[in-house]
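Asker: In terms of the working numbering, the sequence shown is residues 428 to 900.
The C-beta atom is built at its ideal place from N, Cα and C for all residues, glycine as well.
Values in this document were obtained by computation on a predicted structure and should not be read as measured data.
For reference, the structure I am asking about is given below.
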Amino acid sequence: MTFKTIIEPFRIKAVEPIRMTTREQRQRLLDDAGRNPFLLRADDVLIDLLTDSGTGAMSAEQWAGIMRGDESYAGANSYYRFAAAVEDIFGFHHALPTHQGRAAERILFSTMCKPGDVVPNNTHFDTTRANIEYVGAAAVDLPIPEGLSPSASHPFKGNMDVDALRRLIARHGREKIPLVMLTVTNNSGGGQPVSMANIKAVRAVCGEAHIPLYIDACRFAENCWFIHEREPGYADAAIIDIARELFSYADGCTMSAKKDGLVNIGGFLATNDDALAKQEAALLILTEGFPTYGGLAGRDLEAMAIGLREVLEPDYLRYRIASTAYFGRHLTDIGYPIVQPPGGHAIYVDAAALLPHIPARSFPGQALLGELYLTGGIRAVEIGSVMFGKTDETSGEETTASMELVRLAIPRRVYTQSHVDYCIEVMADVYKRRSSIAGLRIVSQAPPLRHFTARFAPVEYTGSLTSLRESGS
Ligand code: F0G
C-alpha cells in the first residue's frame with residue numbers, strides 16, 4: 428500500500444521560531460525598506476523564499492561532522508573526506524574547495540579564458556556571466572526555444588540547443604571557445620532540468636571540436652531526480668549512478684554547495700586535468716586559501732562531504748520535488764501563470780501575465796513582491812526589469828527585461844507542508860485582489876546590481892484602470 432500524502436522525510440530536533448507580524452506592522456516595515464524586500468530584516472519575514480542558497484537545514488549527522496571537523500592548516504582529515512565524496516559522486520580527482528560557487532567560477536574563468544573568448548551555456552547564472560565578462564570574454568545563452576516560453580511544457584526545458592552550439596562553434600572557431608558549460612538545473616531558466624540525452628549530445632559536439640565541457644553543478648541532485656522520473660531508461664537506476672554518468676561526460680564542474688551540498692556555506696571547483704588543476708590551485712592559494720581548505724573551515728568541508736551524499740537519498744529527493752510540484756499545482760489551480768512545469772527548487776510566477784495592467788517599466792514583479800509581504804509576511808525575489816533593466820541616465824527611460832518573473836525559492840528541509848499551504852492561502856488572497864495592485868517607480872538606485880538596494884514608491888495616477896492601461900503609464 429502506498430499513501431499519497433508526501434511527508435517530510437525527517438523529524439525536527441532543533442527549532443527556530445518565526446515571528447508573526449500584523450499587516451499594519453508590515454506596511455510600515457515595507458515602507459521603511461523602500462518596498463524592496465532585500466532591505467527587510469529577516470526577523471520581520473514569516474516565510475522566507477528569497478533563495479534556496481545557503482538557507483537549508485543541516486542534518487544531525489552534519490552537525491556531528493561539524494564537531495569532528497579537522498582544522499589543521501594543511502592535510503586535514505576533513506579535506507580528504509570531502510575529496511573522497513567528490514571523487515566518488517562526480518568522478519573528479521582534483522577538488523579545490525572554495526567559499527562558494529562564484530569563487531570557483533572566478534578561478535575557472537581566470538585560468539581558462541582570455542579577452543575575446545566566448546563561453547556558451549544553456550543559460551548562465553548572473554555570477555557566472557559576470558565572472559566571464561570580468562575576464563573580457565562573452566557569455567552566450569543557448570537554451571532550447573521552449574526554455575524561453577513560461578507556458579510551454581517540455582520535460583527537459585533546461586536543455587541546450589545543440590544545433591545553435593554547432594553554429595556558434597562554426598562561427599567563432601574552436602580556439603575562441605575555451606569551454607562549454609551546462610547548468611543543471613537551469614536556475615535562470617526556471618529551475619528546469621537538462622536530460623542525459625542532451626548532456627551526451629553536447630558532449631559529442633564538444634568532443635568533435637576538442638572543447639572541454641563543464642557542469643555548473645549547484646542543483647545536480649534535483650536534476651538527477653528529474654532524469655530518474657522523466658527520462659526513458661533511468662527509472663530503475665540509483666540516483667548516485669545517474670550522477671556518476673552525468674559527470675562522466677564532463678571535464679570538470681563548478682559547485683555552489685549552498686544548494687545541493689546541503690550546507691550554509693561552501694563550494695568547489697573540480698577537474699581531472701592535472702596541469703589545469705595546478706594553475707587553479709595557485710590562484711586558490713592567492714585568494715581563497717591552501718588547497719586542502721580553500722575558503723573554508725575544516726568543519727565546513729566535513730559538513731559538505733556528508734551533505735553531498737545525503738542529497739542523493741531518494742526519500743529526500745522524492746519529497747523535495749513533490750513539494751515544489753504541489754506548490755506549483757495549487758498556484759496553477761488558483762489561476763497563477765507560472766513557469767511550467769515547476770522546476771526543482773522554486774516556483775516562478777509570470778508577473779507580466781498576472782498583472783497585465785502594470786507595464787514592465789512599472790515593475791510588475793516588484794509590485795507583486797510587496798503584496799506577498801504585506802498580505803502574509805512572505806519574501807520572494809524579482810527576476811525581471813528591476814534585476815536586468817537599466818534606467819537611461821539622460822532620458823530617464825527604462826530598458827526592460829524579456830520576462831517579468833517572481834521566484835519563490837524553497838529552502839531545503841526548512842519548511843513543512845503547512846508552511847506551503849499557508850503560502851498557497853496567502854497567494855489565493857493576493858490573486859483575488861490582483862487588479863488593484865499598483866505599479867512602482869524607482870526612487871533611488873545604485874547600478875550595477877541595483878535590485879539589492881533600489882528603493883521604490885507606488886506609481887501615482889488619477890483615473891480609472893482603463894485609462895492607466897491606455898496611457899501605458
Ligand atoms: N550557479 C548557479 C546556477 C546559481 O544558482 C548560483 C547561485 C551560483 C552559480 C553561484 O553560487 O551563490 O554560491 O556563489 N544562486 C543563488 C540563487 C545566489 O539565489 O539562485 P554562489
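Just to confirm the assignment, what range does the beta strand (DSSP E) spanning arginine 450 have?
Answerer: Translated into the one-based positions of the sequence shown, residue 450 becomes position 23. No beta strand (DSSP E) holds arginine 450; the alpha helix (DSSP H) holding it covers 450–459.
Asker: Just how far apart, CA to CA, sit cysteine 651 and aspartate 471?
Answerer: The residue you call residue 651 lines up with position 224 of the sequence shown. The residue you call residue 471 lines up with position 44 of the sequence shown. Rounded to whole angstroms, cysteine 651 to aspartate 471 spans 36 Å at the Cα level.
Asker: Could you tell me which residues DSSP pairs with serine 822 in its beta bridges?
Answerer: As a working mapping, residue 822 is identified with position 395 in the sequence shown. None; serine 822 has no bridge partner.
Asker: I want to check one thing, is the minimum distance from the CB of lysine 685 to the heavy atoms of the ligand F0G below 7 Å?
Answerer: Residue 685 sits at position 258 when you count from the first residue of the sequence shown. Within the cutoff, so yes.
Asker: CA-CA distance, tyrosine 800 and alanine 855?
Answerer: Your numbering for residue 800 matches position 373 in the sequence shown. Your numbering for residue 855 matches position 428 in the sequence shown. For tyrosine 800 and alanine 855, the distance between alpha carbons rounds to 14 Å.
Asker: Using a Cβ-based criterion (distance less than 7 Å to any ligand heavy atom), does asparagine 614 qualify as near the ligand F0G?
Answerer: Taking the first residue of the sequence shown as 1, we reach residue 614 at position 187. Yes; taking the cut-off as 7 Å, the Cβ of asparagine 614 has a heavy atom of the ligand F0G nearer than that.
Asker: Between the Cα of phenylalanine 717 and the Cα atoms of Leu523, Gln489 and Ser580, which residue gives the shortest distance?
Answerer: Taking the sequence shown and counting its residues from 1, one reaches residue 717 at position 290. The shortest Cα separation from phenylalanine 717 among Leu523, Gln489 and Ser580 belongs to Leu523.
Asker: Taking the beta strand (DSSP E) that glycine 679 belongs to, which residues open and close that run?
Answerer: As a first step, residue 679 is located in the sequence shown; it is residue number 252 there, counting from the start. Note, glycine 679: beta strand (DSSP E), 679–683.
Asker: In the structure shown, what three-state DSSP assignment does lysine 627 receive?
Answerer: As a position in the sequence shown, residue 627 is number 200, starting the count at 1. DSSP places lysine 627 in helix when its eight states are reduced to three.
Asker: Using a Cβ-Cβ cutoff of less than 6 Å, which residues in the same chain neighbour glycine 890 once the five nearest sequence positions on both sides are dropped?
Answerer: Numbered from 1 along the sequence shown, position 463 holds the residue referred to as residue 890. Annotation note: pLDDT 45 at glycine 890 (below 50); position unreliable, coordinate value reported separately. Nothing listed; no residue qualifies.
Asker: Using a threshold of 8 Å, state whether the C-beta atoms of cysteine 633 and valine 607 are closer than that.
Answerer: For this step, residue 633 is matched to residue 206 along the sequence shown. For this step, residue 607 is matched to residue 180 along the sequence shown. Closer than 8 Å, so yes.
Asker: If you draw a straight line from the alpha carbon of glycine 866 to that of glutamine 793, how long is it in whole angstroms?
Answerer: Walking along the sequence shown from the start, residue 866 turns up at place 439. Walking along the sequence shown from the start, residue 793 turns up at place 366. Distance between the alpha carbons of glycine 866 and glutamine 793 is about 8 Å.
Asker: Proline 483 and arginine 840 look like a contact to me (Cβ under 8 Å); what is the Cβ gap, rounded to whole Å?
Answerer: Walking along the sequence shown from the start, residue 483 turns up at place 56. Walking along the sequence shown from the start, residue 840 turns up at place 413. The displayed chain sequence assigns glycine, not proline, to residue 483. So it is a contact: roughly 6 Å between Cβ atoms.
Asker: Decide if isoleucine 596 is buried, meaning its Cβ has at least 16 other Cβ atoms within 10 Å, or exposed.
Answerer: Counting from one through the sequence shown, the residue named residue 596 turns up at place 169. When all chains shown are included, isoleucine 596 counts as buried.
Asker: Using only the alpha-carbon positions, how far apart do glycine 899 and isoleucine 785 sit?
Answerer: Along the sequence shown, read from residue 1 onward, the residue named residue 899 stands at position 472. Along the sequence shown, read from residue 1 onward, the residue named residue 785 stands at position 358. Because the pLDDT at glycine 899 is just 40, under 50, the model does not fix this residue reliably, and the value given afterwards should be weighed accordingly. Going from the Cα of glycine 899 to the Cα of isoleucine 785 covers about 8 Å.
Asker: DSSP three-state label for glutamine 619, please.
Answerer: Taking the first residue of the sequence shown as position 1, residue 619 is located at position 192. Looking at glutamine 619 - three-state DSSP - the assignment turns out to be strand.
Asker: Is the beta carbon of serine 675 within less than 7 Å of some heavy atom of the ligand F0G?
Answerer: Stepping through the sequence shown from its first residue, residue 675 is reached at position 248. Serine 675: no, Cβ never under 7 Å from the ligand F0G.
Asker: Just the Cα atoms here: how many angstroms apart are leucine 569 and aspartate 590?
Answerer: Start at 1 with the first residue of the sequence shown, and residue 569 comes out as number 142. Start at 1 with the first residue of the sequence shown, and residue 590 comes out as number 163. Answer to the nearest angstrom: the Cα atoms are 9 Å apart.
Asker: Rounded to the nearest angstrom, how far is the Cβ of asparagine 625 from that of phenylalanine 583, given a contact under 8 Å?
Answerer: As a first step, residue 625 must be located in the sequence shown, where it is residue number 198. As a first step, residue 583 must be located in the sequence shown, where it is residue number 156. Sure, about 6 Å apart at Cβ, within 8 Å.
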